[in-house]
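In this note's numbering, the protein residues as written are 100 to 224.
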């Protein structure tokens, strides 16, 4: 379609095991990240104050993992992410973004997945 708004990417789609995000002062840029299914992922987030507490939360079972601050001024976590689960990223208990692992991301209906992840983020995960 000729709708310009549709060309503005609302989400990141990642096909490697490296998830690199930056914080824009309110949310992660982009707020929703979809990743192609992999064994393990390395998550890195830049531009966050080192005194912050950054947590990855699994919305289906409530399991939380702390992200670690490094000398490179980024928060990092290497972890396994389950397919089809919405993960939230919390900064000092405020939701700043979400990650969803998708099998065969290249064939997926990304728009639909984006809506689902946003809905779950709006419900506070």
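Idealized CB from N, CA, C, for every residue including glycine.
Keep in mind it's a predicted model, so treat the numbers as computed, not measured.
Is it true that the CB of residue j sits closer than 8 Å to the CB of residue i?
| i | j | result |
| --- | --- | --- |
| residue 120 | residue 132 | yes |
| residue 137 | residue 151 | no |
| residue 201 | residue 207 | yes |
| residue 204 | residue 126 | no |
| residue 198 | residue 180 | yes |
| residue 153 | residue 188 | yes |
Kindly list the residues whose CB is nearer than 8 Å to the CB of residue i, restricted to its own chain and excluding five residues on each side of it in sequence; keep chain order.
| i | result |
| --- | --- |
| residue 97 | Since the first residue of the chain shown is 100 and the last is 224, residue 97 is not available in this structure. |
| residue 213 | 109, 110, 131 and 133 |
| residue 102 | In this predicted model, residue 102 has a pLDDT of only 48, less than 50, meaning its place in the structure is not dependable; the value taken from the coordinates is given anyway. Here the set comprises nothing. |
Can you list, in chain order, the residues of its chain with a C-beta nearer than 6 Å to that of residue i? Leave out the 5 residues immediately preceding and following it.
| i | result |
| --- | --- |
| residue 111 | 129 and 132 |
| residue 159 | 184 |
| residue 175 | 143, 167 and 169 |
Please report the residue range of the beta strand (DSSP E) in which residue i lies.
| i | result |
| --- | --- |
| residue 133 | 131 to 135 |
Name, in chain order, the residues that DSSP records as bridge partners for residue i.
| i | result |
| --- | --- |
| residue 47 | Absent from the structure is residue 47, since the part of the chain shown begins at 100 and ends at 224. |
Can you tell me where the alpha helix (DSSP H) holding residue i begins and where it ends?
| i | result |
| --- | --- |
| residue 218 | 209 to 221 |
So what's residue i in DSSP terms, helix, strand or just coil?
| i | result |
| --- | --- |
| residue 100 | Note on residue 100: pLDDT 46, under 50, position unreliable in the model; no value is reported. |
| residue 206 | helix |
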